[in-house]
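K.L.:
Dropping the structure in here first, questions after.
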Amino acid sequence: MPREINSVCIVGGGSAGWLTAGLIAARHGGPGGLKITLVESVRLGIIGVGEGTWPTMRHTLHKIGISETDFIRACSASFKQGAKFAGWQTGAADDFYYHPLVLPEGFPDLDLAPYWQAAGEGPNTPSFSDAVCFQEFLCENNLAPKLITSPEYAGIANYAYHLDAVRLGELLHAHCVDKLGVEHIDDDIIAVERSENGDIRAVVGQRNGAIEADLFVDCSGFSSLLLGQTLGVPFCDRSDILFIDRALAVQVPYPDADCPIVSHTVSTAQRHGWIWDIGLQHRRGVGYVYSSRHVGTDRVEEELARYVGAGFDRLESREIKIHSGHREIFWKNNCVAVGLAAGFLEPLEASALVLVELSADYIATAMPATRAGMDIVARRFNTMTRYRWDRVIEFLKLHYVLSERQDSAFWRDNRDPASIPDDLRDQLELWRHAPPGEHDFTSAHEMFPAASYQYVLYGMGFRMDDAALARRVRQPDAARDGFERTARMKQKLGATMPTNRALLGKLAEYRFQPI
């Protein structure tokens, strides 16, 4: 008889552990379902700096059964409509571009990129994202993506969240235990027991003894207790491509309660890395990520202090070591890693939480019924997940290879051809003759759409070959209509949308419309 899968043990809490528990429990928990246990050492705490999400988080929270109103209130969350990259191309004071969350007008049926470039550059020429999408306008004016009358998890513009990661873990913990029946065990794992076939039979807690399960999910963080330490899956170091290996993070209070809440992540390039700036309801999360091969912590702290300004000396900073890379495989035997146990990259495009969501959702959706079926699911999961990690790494590297900065070895070294993945080099060669399109990205597991590559390329000054460009401007009337629709949308939303601060203030008293 095939051995059935009846129980799941998740080792480690935080956002990764509890999101995984919630998605599995929402689909398989309850009477007659899987027994789901999460064991963690509460005294260890969590890193808690993953404060940016993708729009996928809206669907994840809805699947788990958490109200958007309750989530925003509990996690001091605000709305994120993309990222603003300042100083990445030249470092000049007026150097910035946006990667919004709304597709260019008419894309992909109408590709406005060649028409925008053909219009040429001038003092009144809008940026690419401003010309083809209304969302840069919303971000620059701190406007929200929805109204208080909007349904939960629905907006007028596509959006994600900025959130307090510690509070998110607490919210998910309470919901999973109280509403979804997840068993929570606070314990320190002191040993791991294995079966004759190499599977994990049980984790042994200092106070609770052996905790058995059919499937183990490793959410133990950088230590990768199960997949890495116990099963011996090697770590693939990707620091030859992405040099960032440190972060210095602080939490910055607003000077007063009425300060605007920015509607996007701000990523400001520095000499030796870049600074993230994320606005929550009650504070900002700010951090300098850098390469320790190129600069020391003292210099980084000086630059971070200049960025934050007055009061920095009163803030408590925290250094975080970043292991740039991932495990060679992510599911071995009856153990699958999610979150930091699987790997981590610099948080330039908020990929950490979305990789958690995608992995956990796949595990929940493809949950094997038997141990024999688990090996098939594991092979598929490993192929899909490795593809996703590779694409994230290439997309992050794209931000660096297009830079023209010459002010430090960090930026010059990032353009070294030896550090650029072959697939990315090939794409850049093709994109000199044709803009990124759906034909460039054919997998069902793509992490970034073609439009995301366009926003980065043209925001960073990438130019198509003039001869190729001339062959692509065949629909001038349709293009003009597309640009005009974008302009009209800005005008309309500018007159109707509240600011982030105003909408979040209303949400303290009222609720979004239930779905």
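When the sequence shown is numbered by the working numbering, its final residue is 1103 and no position is left out of the sequence of numbers.
C-beta atoms are modelled at their ideal positions from N, C-alpha and C, and glycine is treated no differently.
1) What does the alpha-carbon distance come out to for the pair Cys597 and Phe810?
2) Of the choices Leu990, Gln1015, Pro1005 and Thr953, whose alpha-carbon is the least far from that of Arg979?
3) Three or more C-beta pairs under 8 Å: does that hold for the region 758-766 against the region 742-749?
4) Quick check: the Cα distance between Gly602 and Ala1022, rounded to an integer number of angstroms?
5) Quick check: Gly927 and Cys807, are their CB atoms within less than 8 Å of each other?
6) Any idea what DSSP makes of His911, helix, strand or coil?
7) Considering only C-alpha positions, which residue in the set Thr973, Trp977 and Pro1009 is nearest to Tyr1108?
8) Please name the residue in Ser629, Arg1089 and Gln723 whose C-alpha comes closest to that of Arg795.
9) Give the range of the beta strand (DSSP E) segment to which Phe831 is assigned.
10) So the candidates are Tyr975, Arg1062 and Val942; which of them puts its Cα closest to the Cα of Thr608?
11) To the nearest angstrom, how far is the alpha carbon of Glu728 from that of Gly867?
12) Check whether the Cβ atoms of Val791 and Arg915 sit closer than 8 Å, and answer yes or no.
13) Measuring CA to CA, which of Asp718, Lys672, Glu982 and Phe722 is closest to Lys1080?
14) Use the C-beta contact count for Glu709: other C-beta atoms within 10 angstroms, 16 or more gives buried, fewer gives exposed.
15) Would Glu740 pass as a contact of Glu656 if the rule is Cβ separation under 8 Å?
16) Could you name each continuous beta strand (DSSP E) segment of 3 residues or more that falls completely within the region 907-986, going from the start of the chain to the end?
17) Which residue wins for smallest C-alpha separation from Thr678, given the options Asp995, Pro1064 and Ala1055?
18) For the alpha helix (DSSP H) containing Tyr876, name the first residue and the last one.
19) Pick out whichever of Val924, Ile624 and Arg834 has its Cα sitting closest to the Cα of His911.
20) Over what stretch of residues does the alpha helix (DSSP H) that includes Phe1036 continue unbroken?
21) Going by DSSP, which residues form a beta bridge with Pro688?
22) Beta-carbon within less than 7 Å of Ala957's beta-carbon, same chain only, minus the 5 sequence neighbours each way: which residues are those?
23) Nearest to Val690 by alpha carbon, out of Ser1040, Ala614, Lys623 and His616?
24) Roughly how many whole angstroms lie between the Cα atoms of His852 and Phe667?
25) Given 7 Å as the limit, tell me if Ile829 has its C-beta closer than that to any heavy atom belonging to the ligand NAP.
26) Quickly, what does DSSP pair Glu800 with across the bridge? List them, please.
27) Please check the pair Ser879 and Phe918, which I expect to be a contact at CB under 8 Å, by giving their CB distance rounded to whole angstroms.
28) Using three-state DSSP, classify Glu784 as helix, strand or coil.
29) By the three-class DSSP mapping on this structure, what secondary structure does Val630 have?
30) For Gly618, collect the residues of the same chain with a Cβ closer than 7 Å to its Cβ; drop the 5 residues on either side in sequence, then sort them by chain order.
P.N.:
For this structure:
1) Cα-Cα distance, rounded: 18 Å.
2) When each option's Cα is compared against that of Arg979, the closest is Gln1015.
3) A contact between stretches requires three or more CB pairs, one per stretch, nearer than 8 Å, and the region 758-766 fails this requirement with the region 742-749.
4) About 43 Å.
5) The Cβ atoms of Gly927 and Cys807 lie closer than 8 Å to each other.
6) DSSP, read as helix, strand or coil, puts His911 in coil.
7) This structure cannot settle anything about residue 1108, because the visible part of the chain is limited to 589 through 1103.
8) Its Cα nearest to that of Arg795, the residue Ser629 stands out among Ser629, Arg1089 and Gln723.
9) Annotation for Phe831: no beta strand (DSSP E) segment contains it, and DSSP assigns it neither H nor E.
10) Answer by Cα proximity: Val942.
11) Between the alpha carbons of Glu728 and Gly867 lies a distance of about 14 Å.
12) Taking 8 Å as the cut-off, the beta carbon of Val791 is found no closer than this to the beta carbon of Arg915.
13) Measuring from the Cα of Lys1080, the nearest candidate turns out to be Phe722.
14) It is exposed - the Cβ of Glu709 has fewer than 16 other Cβ atoms within 10 Å.
15) Yes. Within cutoff.
16) Fully enclosed beta strand (DSSP E) runs of 3 or longer: 913-915 and 923-925.
17) Among Asp995, Pro1064 and Ala1055, the Cα nearest to that of Thr678 belongs to Asp995.
18) Boundaries for Tyr876: no alpha helix (DSSP H) harbours it, while the beta strand (DSSP E) harbouring it runs Arg871 to Tyr878, taken from the DSSP string.
19) Minimum Cα distance to His911 is reached at Arg834.
20) If you look at Phe1036, you'll find it isn't in any alpha helix (DSSP H); DSSP assigns it neither H nor E.
21) The beta-bridge partner set that DSSP reports for Pro688 consists of Gly670.
22) Taking C-beta separations shorter than 7 Å and ignoring five residues to either side along the sequence, the partners of Ala957 in its chain run Glu592 and Ile593, following chain order.
23) For the options Ser1040, Ala614, Lys623 and His616, the alpha carbon positioned closest to that of Val690 is the one of Ser1040.
24) For His852 and Phe667, the distance between alpha carbons rounds to 7 Å.
25) Of ligands this structure carries none, so the ligand NAP is not represented either.
26) By DSSP's assignment, Glu800 forms a beta bridge with Ala790.
27) That belief does not hold up - the Cβ atoms of Ser879 and Phe918 are roughly 26 Å apart, past 8 Å.
28) If DSSP states are grouped into helix, strand and coil, Glu784 belongs with coil.
29) DSSP places Val630 in the helix class (H, G or I) of the three-state scheme.
30) Excluding positions up to five away in sequence, the list reads Gly769.
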